[in-house]
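**Q** In the UniProt record's numbering, the protein residues as written are 1 to 544.
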């Protein structure tokens with residue numbers, strides 16, 4: 001599989017001239033590198049800068065934490081409180097601001113100004129309006145409107161950002177722009193005023209998820225607080241019992257940490273700012289809900305993934321070949337060669353998302369924050385459409401389940417909920433017909449698995465020997481459908497996919513290949529089954 005694509009990328013190949021202009025000079029053995037993917041190019045180019053910012057952040061964060069600990073009185077400096085007095089003082093302690101919050105906000109504002117320049121005030125204004133919506137959760141008359149207002153406001157901002165291209169100051173207020181030019185000497189043309197990433201609205205999608213998360217978690221916390229206020233008990237014995245239960249409670253697992261509400265005092269504007277703009281996770285996630293190691297091994301894994309991507313791009317120029325299809329880069333290729341171009345493009349998509357996510361998660365881990373891991377499976381280790389989406393952008397999947405899928409109806413309204421989720425996911429990624437088509441295609445492709453799970457449920461038929469093989473056949477179908485959908489959405493589009501499938505089914509050579517490939521996939525799915533069985537034997541249950 002790899003040799004075929006390497007052969008297509010050689011300078012001696014007849015189609016090499018059609019995509020050679022997209023290649024750059026590489027650093028491995030004098031080979032060229034296919035650095036033509038815009039997203040990966042931006043990350044790869046800025047990786048040294050990001051690494052420097054990360055090291056500065058970690059140094060300052062460690063210093064700040066050390067000073068904060070030295071400045072905080074030790075428990076031995078004051079008389080030990082009795083359990084009853086500790087219980088009495090506990091509610092007040094929750095209102096104090098966590099010591100790291102001012103540092104996070106200060107550093108985040110500097111970083112955001114460096115990234116987006118004078119667009120920072122626009123972002124803060126949006127955050128302020130969203131926070132005012134969240135505060136309605138404590139209103140007896142308006143609290144029920146918070147979920148609707150939150151979603152309407154943030155979706156409107158998402159569309160408005162795209163339509164208005166981030167709201168140029170000249171378009172918002174020509175007089176304000178003239179004042180800025182004359183008094184503050186800020187011009188749209190000045191690079192320092194624009195920032196490194198002047199198109200701030202491109203990165204707003206991730207922040208939008210955090211704003212919705214904050215508002216919804218605040219809304220649910222307010223409901224919990226109002227319910228508890230009606231049943232609270234106030235005797236000293238009951239307070240002492242409650243404190244004892246809290247002190248002896250086991251650490252929260254990931255699920256409980258996400259669903260358990262904080263005290264309302266924790267949802268302050270300052271903690272809201274720190275959560276929305278937390279530097280290690282601002283640009284690409286992973287996405288933390290508001291409620292929500294082995295570091296050396298994780299660093300090694302990150303470096304291994306980065307070097308794998310470099311090796312792939314130095315030896316397989318599939319992105320350039322894909323982008324030059326109209327120029328004849330695909331001409332004369334066999335069905336197998338076309339399928340390998342598609343397959344390795346998906347591998348590149350997987351790696352170009354995996355590496356930034358792991359970089360920013362590593363940054364957070366080094367800062368003692370443990371966000372969810374995205375992409376817990378290799379792209380080529382998926383046979384289930386539902387499992388694939390649980391493991392692909394895992395933190396986003398968890399977000400969609402908590403704030404979209406379950407509130408819409410979950411399993412009781414599976415079709416409507418799934419269609420809504422994937423429509424939102426498509427529009428959230430980009431307001432384009434290609435991704436909207438991708439979202440609807442995914443919804444259709446999920447249906448066979450959902451129907452199959454109902455008709456041939458594991459509870460009834462798992463003990464039959466034939467059941468595993470029927471599931472493997474379904475897995476083969478799922479693999480074909482998932483590759484089709486993702487090539488449409490993230491690689492070659494609908495026209496490229498039509499051409500590829502026409503080559504597969506309109507010739508004897510194509511039919512023979514797809515039959516042989518399906519047989520190989522049948523064996524591969526069986527291996528995936530056994531891989532997951534081994535995980536279960538080791539106590540690992542990932543549901544993907």
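We treat Cβ as the ideally placed atom computed from N, Cα and C, and that holds for glycine.
Using 8 Å for Cβ pairs, my map puts residue 280 next to residue 214. What's the rounded Cβ distance?
**A** In fact, because the Cβ distance is near 18 Å, the residues do not count as touching under 8 Å.
**Q** Alpha carbons only, please: which of 167, 145 and 221 is nearest the one belonging to residue 557?
**A** Because the chain spans 1 through 544 in this model, residue 557 falls outside it and cannot be assessed.
**Q** Whose CA, out of 380, 10 and 436, lies closest to the CA of residue 527?
**A** Nearest of 380, 10 and 436 to residue 527, Cα basis: 380.
**Q** I need the boundaries of the alpha helix (DSSP H) containing residue 377, first residue and last residue.
**A** Careful: residue 377 lies outside any alpha helix (DSSP H) and carries neither H nor E.
**Q** Can you check whether the CB of residue 443 is closer than 8 Å to the CB of residue 422?
**A** Yes, the Cβ-Cβ distance between residue 422 and residue 443 is below 8 Å.
**Q** Are the CB atoms of residue 394 and residue 372 nearer to each other than 8 Å?
**A** Contact: yes.
**Q** Using a Cβ-Cβ cutoff of less than 7 Å, which residues in the same chain neighbour residue 283 once the five nearest sequence positions on both sides are dropped?
**A** Contacts found: 203 and 360.
**Q** Return the Cβ separation of residue 201 and residue 161 in integer angstroms, given the expectation that the two are a contact with Cβ distance under 8 Å.
**A** At roughly 4 Å, the Cβ-Cβ gap stays under 8 Å, so residue 201 and residue 161 are in contact.
**Q** Any idea what DSSP makes of residue 229, helix, strand or coil?
**A** Note that residue 229 scores 45 on pLDDT, short of 50, meaning its location in the model is unreliable; the coordinates nonetheless yield the value given after this. Three-state result, residue 229: helix.
**Q** Tell whether a beta-carbon distance below 8 Å holds between residue 500 and residue 332.
**A** Not a contact, by the Cβ cut-off of 8 Å.
**Q** Out of 351, 472, 506 and 129, which one is the CA nearest neighbour of residue 41?
**A** Nearest option by C-alpha distance: 351.
**Q** Assign residue 518 to one of three DSSP states: helix, strand, or coil.
**A** It is helical.
**Q** For residue 400, count the other beta carbons within 10 Å of its own beta carbon; 16 or more makes it buried, fewer makes it exposed. Which is it?
**A** Residue 400 is buried by the Cβ-count criterion.
**Q** Ignore the nearest five residues each way along the sequence and tell me which others in residue 472's own chain have a CB closer than 6 Å to its CB.
**A** Here the set comprises 522, 525 and 526.
**Q** By Cβ distance, which residues of its chain are closer than 8 Å to residue 301, with the 5 residues on each side in sequence left out?
**A** Taken in chain order, the residues that qualify are 358.
**Q** Can you tell me where the alpha helix (DSSP H) with residue 323 in it begins and where it stops?
**A** It spans 318-323 - the alpha helix (DSSP H) in which residue 323 sits, taken as one unbroken run.
**Q** Take the Cβ of residue 457 as the centre, count every other Cβ of all protein chains shown within 10 Å, and call the residue buried at 16 or more, exposed below.
**A** Per the 10 Å Cβ criterion, exposed.
**Q** Among residues of its own chain, excluding the 5 on either side of residue 18, which ones have a beta-carbon nearer than 7 Å to its beta-carbon?
**A** These residues qualify, in order along the chain: 324, 327, 328 and 329.
**Q** Reducing DSSP to helix, strand and coil, say where residue 502 ends up.
**A** Here residue 502 sits in helix by DSSP.
**Q** Do three or more CB pairs link the stretch 306-317 to the stretch 478-488 at distances below 8 Å?
**A** Segments in contact, no.
**Q** For residue 24, name the three-state secondary structure that DSSP assigns.
**A** Correct three-state label for residue 24: strand.
**Q** Would you kindly check if the distance between the Cβ of residue 488 and the Cβ of residue 438 is under 8 Å?
**A** Taking 8 Å as the Cβ cut-off, residue 438 and residue 488 qualify as a contacting pair.
**Q** Ignore the nearest five residues each way along the sequence and tell me which others in residue 157's own chain have a CB closer than 8 Å to its CB.
**A** Cβ within range, chain order: 126, 204 and 208.
**Q** Note down the Cα distance separating residue 114 from residue 197, rounded to an integer number of angstroms.
**A** Approximately 8 Å, taken between the alpha carbons.
**Q** If distances are taken between C-alpha atoms only, which option among 38, 312 and 262 comes closest to residue 27?
**A** Cα-wise, what sits closest to residue 27 is 312.
**Q** So, are the CB atoms of residue 475 and residue 384 less than 8 Å apart?
**A** A contact, by the Cβ cut-off of 8 Å.
**Q** State the CB to CB distance for the pair residue 150 and residue 212, rounded to an integer number of angstroms; the pair is presumed to be in contact (CB under 8 Å).
**A** Right, their Cβ atoms sit about 6 Å apart.
**Q** I think residue 510 touches residue 503, with their Cβ atoms under 8 Å apart; what is that distance to the nearest whole Å?
**A** Going by Cβ atoms, the distance from residue 510 to residue 503 rounds to 5 Å, so yes, they are a contact pair.
**Q** Tell whether a beta-carbon distance below 8 Å holds between residue 295 and residue 366.
**A** Yes; because the gap between Cβ atoms is below 8 Å, this pair is in contact.
**Q** Terminal residues of the continuous alpha helix (DSSP H) containing residue 275?
**A** Per DSSP, residue 275 belongs to the alpha helix (DSSP H) from 269-276.
**Q** Could you give the DSSP three-state label for residue 186: helix, strand or coil?
**A** Below a pLDDT of 50, predicted positions are generally treated as unreliable, and residue 186, at 49, falls in that range; the measurement from the model is reported next regardless. Here residue 186 sits in coil by DSSP.
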